[in-house]
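Numbering (our numbering), first residue to last: 29 to 316.
Idealized CB from N, CA, C, for every residue including glycine.
The structure presented is a predicted model; accordingly, all values stated were derived computationally and were not measured.
Data block below; observations after.
As structure tokens, this is what we get:
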């Protein structure tokens, strides 16, 4: 057994949060390194992959923000220096990473024909662009007006591309209207997104639903505050953070494996990773 394999076992058995931080850092560094190869090699991705690079970068950036939160927050309380891990912000970021993973799987890696992937991308972008155009200012500046024109131009390009898609052409009139003015950014329900992405077998969909209650400041978040902070339940805090770190490692590792299989340059870059990084990624990816 290698030393990194022993560290992984220790993290799982003893819930060593510092080990979890180390693993997330290594996996995130690998993610950035692999995605950077797309720019270095000047890769022109297929249409439905056009937002891939940006979404990967944001995912990695959020991992770094999560690591900062796990290390703890120092602040003054009644003229005394206090130190507390902000579990609620950590919950929000973990939920955000689950959501980001779902969207990336839906747009980039789901096992459906490319025409379907292109349709999903167009509807996804259409929803966002129309929503952006609804945010109009009462007294727009010249820069604001230029930005609106830019968004309108991009929207027209997406509409033009969508109308050439055979799935759009062969769709019913009601569906075509829905594609052009989508009420939601995604064409399938959230529960199906979780199932298609393989998250239901780990009950990560249940965790996402639970964390949604915290994000929306519902009563369940008040109860957890009492459990962790008021009652000084350090075991509850440890278990919660260790579970978050585990899921973030799984999602990050799966994204790395997915992108390494998508482009020749990312596959080559993955092969350049050190043995420790590969062991971490392949261990956590295997759960999804």
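Item: What residues in its chain sit with their C-beta under 8 Å from that of residue 90, if we drop five residues either side in the sequence?; Value: 121, 124, 125, 128
Item: Could you tell me the boundaries of the alpha helix (DSSP H) in which residue 31 lies?; Value: 31 to 42
Item: Expressed to the nearest angstrom, what Euclidean distance is found between the alpha-carbon atoms of residue 101 and residue 36?; Value: 26 Å
Item: For the 8 Å Cβ check, are there 3 or more pairs between the segment 103 to 117 and the segment 156 to 164?; Value: no
Item: Does the distance from the C-beta atom of residue 32 to that of residue 95 stay below 8 Å?; Value: no
Item: Rank 174, 198, 236, 156 by C-alpha distance to the C-alpha of residue 210 and give the top, closest one.; Value: 156
Item: Measuring CB to CB, does residue 84 end up less than 8 Å from residue 214?; Value: no
Item: Which residue marks the beginning of the alpha helix (DSSP H) containing residue 103, and which one marks its end?; Value: Segment 101 to 105 is the beta strand (DSSP E) holding residue 103; no alpha helix (DSSP H) there.
Item: Could you have a look at residue 192 and say whether DSSP puts it in helix, strand or coil?; Value: coil
Item: Compute the Euclidean distance between the alpha carbons of residue 47 and residue 277, then round it to the nearest angstrom.; Value: 11 Å
Item: Give every residue of the same chain whose Cβ lies closer than 7 Å to the Cβ of residue 4, excluding the five residues on either side of it in the sequence, and list them in chain order.; Value: Shown here, the chain extends from 29 to 316; a query on residue 4 therefore has no answer.
Item: Roughly how far, in whole angstroms, is the beta-carbon of residue 146 from the beta-carbon of residue 75, given that I think they are within contact range, below 8 Å?; Value: 5 Å
Item: Does DSSP put residue 79 in a helix, a strand or coil?; Value: coil
Item: Rounded to whole angstroms, how far is the Cβ of residue 66 from the Cβ of residue 307, which I believe are closer than 8 Å?; Value: Not really, about 24 Å apart at Cβ, beyond 8 Å.
Item: Cβ of residue 110 within 8 Å of Cβ of residue 309?; Value: no
Item: If we count the other Cβ atoms within 10 Å of its Cβ and call it buried at 16 or more, is residue 280 buried or exposed?; Value: buried
Item: Tell me whether the beta-carbon of residue 267 lies closer than 8 Å to the beta-carbon of residue 43.; Value: yes
Item: Taking only runs of the alpha helix (DSSP H) that begin and end inside the segment 226 to 304, which ones reach a length of at least 4 residues, in chain order?; Value: 232 to 243, 247 to 253, 262 to 288, 292 to 299
Item: Between the C-alpha atoms of residue 208 and residue 191, what's the straight-line distance to the nearest angstrom?; Value: 9 Å
Item: Please go through the same chain and pick out, in chain order, the residues whose beta-carbon is closer than 8 Å to the beta-carbon of residue 288, but skip the five residues on each side of it.; Value: 62, 294, 295, 297, 298
Item: Just list the residues that DSSP pairs residue 109 with in beta bridges.; Value: 104
Item: Can you give the beta carbon distance from residue 232 to residue 275, rounded, assuming they're within the 8 Å contact cut?; Value: 6 Å
Item: If I'm right that residue 136 touches residue 80 with Cβ under 8 Å, what's the distance once you round it to whole angstroms?; Value: 6 Å
Item: Rounded to whole angstroms, what's the CA-CA distance from residue 130 to residue 149? Just pull it up for me.; Value: 14 Å
Item: Ignore the nearest five residues each way along the sequence and tell me which others in residue 273's own chain have a CB closer than 6 Å to its CB.; Value: 48
Item: Restricting to Cα atoms, I'd like to know which of 302, 153, 173, 117 is closest to residue 185.; Value: 153
Item: Ignoring anything shorter than 3 residues or poking outside the segment 133 to 207, list the beta strand (DSSP E) runs there in chain order.; Value: none
Item: Thinking residue 269 and residue 77 are a contact (beta carbons under 8 Å), I'd like their distance in whole angstroms, please.; Value: Their Cβ separation, rounded to whole angstroms, is 33 Å, which puts residue 269 and residue 77 out of contact at 8 Å.
Item: How many angstroms separate the CA atom of residue 176 from the CA atom of residue 72?; Value: 27 Å
Item: Answer yes or no: do residue 246 and residue 285 have a C-beta to C-beta separation smaller than 8 Å?; Value: no
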